[in-house]
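Written out below as structure tokens is the structure these notes cover.
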Amino acid sequence: KEMISITKNYMHNPDRIEAGKMNQGADTVEHIYYQAHAKDRYLVLKRIADINPNIYGIIFCRTRMETKEVANKLMHDGYNADALHGDLSQAQRDEVMGRFRSKHLQLLVATDVAARGLDVDNLSHVINYNLPDESEVYIHRSGRTGRAGRKGISIAIIHGREIGKIKAIEKKSNKNFERQDIPNGEEICQVQLYALIEKLQKVQVDDHQIEPYMPEIHTKLASLTRDDLVKRLVSVEFNRFLSYYKDSPDLNLKEGKGNRDEKGERGSKRRERSSEDFERFHINVGSKHNLAPARLIGLINEALDSSKPQIGKIEVLRQFSFFEIEKAYAKELSEKLNTMKFGEVPVKVEVSKGGPREQNREERPRSKKSSGRRDGRGSRNEASEWNFKPKKGRGGSGRRGNKGRRR
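Written out as structure tokens, the structure is:
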């Protein structure tokens with residue numbers, strides 16, 4: 014997009030030369046998505062890695078902070094993983110990339126910017142820990158696998174309100190996604206068991222090195238039957254999977270649970286999802302200060318710089334407002350916003366301990382008259398919500414007083 018913009022502004026009648034089809038990935042790439050609550054994203058990632066013992070791939074995250082967190086969790090949990098992000102020196106970057114190219118690392122967690130220049134032909138998987146906002150970025154990510162005629166898999170981990178992004182990517186890339194069930198514990202244990210058996214079959218034995226120890230080994234294992242020996246040998250590595258996935262929960266987001274969110278409708282299910290996946294904040298500016306949902310989103314984006322978190326419900330009142338944001342970004346956003354100004358007003362945000370119905374009784378108009386919005390689009394209640402469409406019979410022609418307000 015940037016290149017096209019430059020050519021339009023500074024060149025006359027430029028020729029465009031394309032290699033391959035625009036905005037289309039390789040036909041050898043299979044596109045899959047798993048749908049879960051945002052809070053379960055890392056658990057889903059672990060299951061993806063465990064169900065693919067020979068995985069060799071890149072995990073794309075939005076921010077440096079998230080990249081570090083995911084990589085540290087993976088390493089702590091025993092995976093051959095590391096992070097690639099902008100905080101690394103060139104020497105550190107080269108060292109990580111060298112280990113990944115030589116397959117000493119199975120998983121590389123990276124931001125899009127940091128992964129530039131990393132050219133690896135035989136990746137088995139690309140995992141989108143977060144979907145990018147632009148379809149072209151997803152197409153570029155997925156194009157890192159399935160090269161040279163090899164098969165590749167591009168996986169997206171999404172929550173209920175991101176299905177629209179999947180549909181947009183499908184339309185842009187002319188590729189179809191397949192929704193798959195998140196692997197359960199039994200499936201993972203079975204795959205890991207067979208992978209261990211295959212590993213035992215293929216292990217190289219140095220007879221010369223091990224021969225001096227065989228008499229002692231025979232003596233210590235003489236009391237075990239063949240079956241006992243096999244069971245114990247397999248259990249040495251397999252027990253940790255059996256223990257971890259014993260009584261493991263189903264992480265799949267049930268069919269239909271995300272539909273109400275995507276349509277902008279509201280109800281108890283949406284409120285439950287918001288409390289689980291998002292942190293709700295109170296901010297000390299409202300319509301009195303010329304705040305609108307779009308300006309609040311801009312303020313959030315400015316605070317988080319290159320990060321692009323999911324933003325939930327926004328409610329703009331007269332004196333103050335409420336908004337929801339992914340919990341992973343809550344602490345960083347709170348710290349940044351509390352150092353900023355909106356116009357001349359120092360911004361103060363804090364975690365909301367209750368909804369607007371408990372905190373803003375004085376905000377509510379006491380008649381059907383409303384002071385309206387200052388953008389000239391008719392009178393509406395001060396508590397405006399992003400993407401909210403009033404239902405018939407509840408607010409008339411756009412004017413909502415106390416009777417029209419949702420309780």
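Those letters in the sequence shown? Residues 14 to 420, by this note's numbering.
Ideal placement from N, C-alpha and C gives every residue a C-beta, glycine not left out.
Predicted model only: the values in this text are computed from it and were never measured.
- Between the C-alpha atoms of Val126 and His231 there is a straight-line separation of about 56 Å.
- At least 7 Å separates the beta-carbon of Ile195 from that of Val362.
- Annotation for Ala94: the continuous beta strand (DSSP E) segment containing it runs Ala94 to Leu97.
- Boundaries of the beta strand (DSSP E) harbouring His44: Val42 to Gln48, taken from the DSSP string.
- Taking C-beta atoms as the reference points, Gly311 and Arg331 fail to come closer than 7 Å.
- Exposed is the label assigned to Gln214, since fewer than 16 other Cβ atoms lie within 10 Å of its Cβ.
- Taking C-beta separations shorter than 8 Å and ignoring five residues to either side along the sequence, the partners of Ile210 in its chain run Val247, following chain order.
- Between Gly70 and His172, the beta carbon gap of about 21 Å keeps them out of contact (Cβ cut-off 8 Å).
- The segment 163-178 and the segment 43-50 touch, with three or more beta-carbon pairs separated by less than 8 Å.
- For the pair of segments examined, the segment 301-317 was found to touch the segment 328-343: the number of CB pairs separated by less than 8 Å reaches three.
- In this structure, Val83 lies away from Gly159, with their beta-carbon atoms at least 7 Å apart.
- Ile201 sits close to Tyr258, with the two beta carbons spaced by under 7 Å.
- Taking 8 Å as the upper bound for CB-CB distance, Val360 and Leu350 are in contact here, some 5 Å apart.
- The shortest C-alpha to C-alpha distance from His153 to any of Lys164, Leu87 and Ala128 is the one to Ala128.
- Scanning its chain for C-beta atoms nearer than 6 Å, with the 5 sequence neighbours on each side dropped, one finds around Ile182 the residues Ser148 and Tyr151, in chain order.
- Exclusion of the five residues before and after Gln205 leaves Asp63, Pro66, Phe251 and Phe254 as the residues of its chain whose Cβ lies within less than 7 Å of its Cβ.
- When the Cα atoms are used, Glu348 and Gly198 turn out to be separated by approximately 39 Å.
- For Pro359, the pairing in a beta bridge is given by DSSP as Lys354.
- Cβ-Cβ distances below 8 Å link Lys340 to Ala51, Lys52, Asp290, Phe291 and Glu292 in the same chain, with the five nearest sequence neighbours on each side left out; the list follows chain order.
- For Ala169, the uninterrupted beta strand (DSSP E) segment begins and ends at Gly165 to Ile171.
- Note that the C-beta distance between Arg114 and Asp100 is not below 7 Å.
- One thing to note: Leu120 has its Cβ no nearer than 7 Å to the Cβ of Ile168.
- Ile338 carries a strand assignment under DSSP once its states are collapsed to helix, strand and coil.
- Of the candidates Gly156, Val249 and Phe294, Gly156 places its Cα closest to the Cα of Ser186.
- Under the criterion of beta carbons closer than 8 Å, Asp95 and Leu118 qualify as touching, at roughly 5 Å.
- Less than 7 Å separates the beta-carbon of Glu337 from that of Gly325.
- Between Val122 and Thr80, the C-beta gap is smaller than 7 Å, which places the two residues in contact.
- Straight-line spacing of the CA atoms in Ala104 and Asp263 works out to 42 Å.
- Apart from the 5 residues on each side of it in sequence, Tyr226 has no Cβ closer than 7 Å to any other Cβ in its chain.
- Considered as a whole, the segment 161-223 harbours 176-186, 198-215 and 220-223 as its complete alpha helix (DSSP H) runs of no fewer than 4 residues, in chain order.
- In the three-state scheme derived from DSSP, where H, G and I count as helix and E and B as strand, Ala127 is classed as coil.
- Here the alpha carbon of Val249 sits roughly 25 Å from the alpha carbon of His221.
- Close CB contacts of Pro27 within its chain, under the 6 Å cut and outside five residues either way in sequence, are with Thr20 (chain order).
- Excluding its 5 nearest sequence neighbours in each direction, Asn189 has C-beta neighbours in its own chain below 8 Å: His44 and Glu183, listed in chain order.
- Taken through DSSP and simplified to helix, strand or coil, His138 comes out as strand.
- Under DSSP, the beta-bridge partners assigned to Arg293 are Glu337.
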